[in-house]
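Engineer: The sequence shown begins at 350 in the numbering used here and counts up by one.
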Amino acid sequence: MVENVIWPAYLDASLSRSEGRRVSEDLAVEEPTVDEIAKAVQQIGYDATIERDKSYSREHWAQRGRVVVRGADDSTKNDLVQAVAAYVAAMRE
């Protein structure tokens, strides 16, 4: 079973692509939380596990956590991150 990790930095509008953001500025949100990401992953239909004590390597000083996604064997990581970003953005509207 494939495990994908989604870091909040992937969706953070305050970061540039070189700083770790993986979605377009249109889909990015300010300071996404692991709770929002996990909820979006579950809405898509995958299992999500929150690991709060982890730090993204490009933000090693901030423990924002990460979300481990299981069961996403049928899609690429990029497709998964784009879909999660769309759900998080929709939840904030």
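For every residue, glycine included, the Cβ atom is placed at its ideal position computed from N, Cα and C.
#1: Taking Cβ positions, are residue 355 and residue 407 nearer each other than 8 Å?
#2: Mind checking whether residue 399 and residue 433 have CB atoms under 8 Å apart?
#3: Which whole-angstrom value is the C-beta distance of residue 378 and residue 419, which I expect to be below 8 Å?
#4: Per DSSP, what kind of secondary structure is residue 416 in: helix, strand or coil?
#5: Does residue 397 come out as helix, strand or coil in the three-state DSSP assignment?
Structural biologist: The structure says:
#1: Against the sequence shown, residue 355 aligns to sequence position 6. Against the sequence shown, residue 407 aligns to sequence position 58. The answer is no: Cβ separation not under 8 Å.
#2: For the purposes of this step, residue 399 is taken as the residue at position 50 of the sequence shown. For the purposes of this step, residue 433 is taken as the residue at position 84 of the sequence shown. Taking 8 Å as the Cβ cut-off, residue 399 and residue 433 do not qualify as a contacting pair.
#3: Here residue 378 corresponds to residue number 29 of the sequence shown, with the count starting at 1. Here residue 419 corresponds to residue number 70 of the sequence shown, with the count starting at 1. So it is not a contact: roughly 24 Å between Cβ atoms.
#4: Reading the sequence shown from its first residue, position 67 is the one you call residue 416. Correct three-state label for residue 416: strand.
#5: Translated into positions along the sequence shown, residue 397 becomes position 48. In this structure, residue 397 counts as strand in the three-state DSSP scheme.
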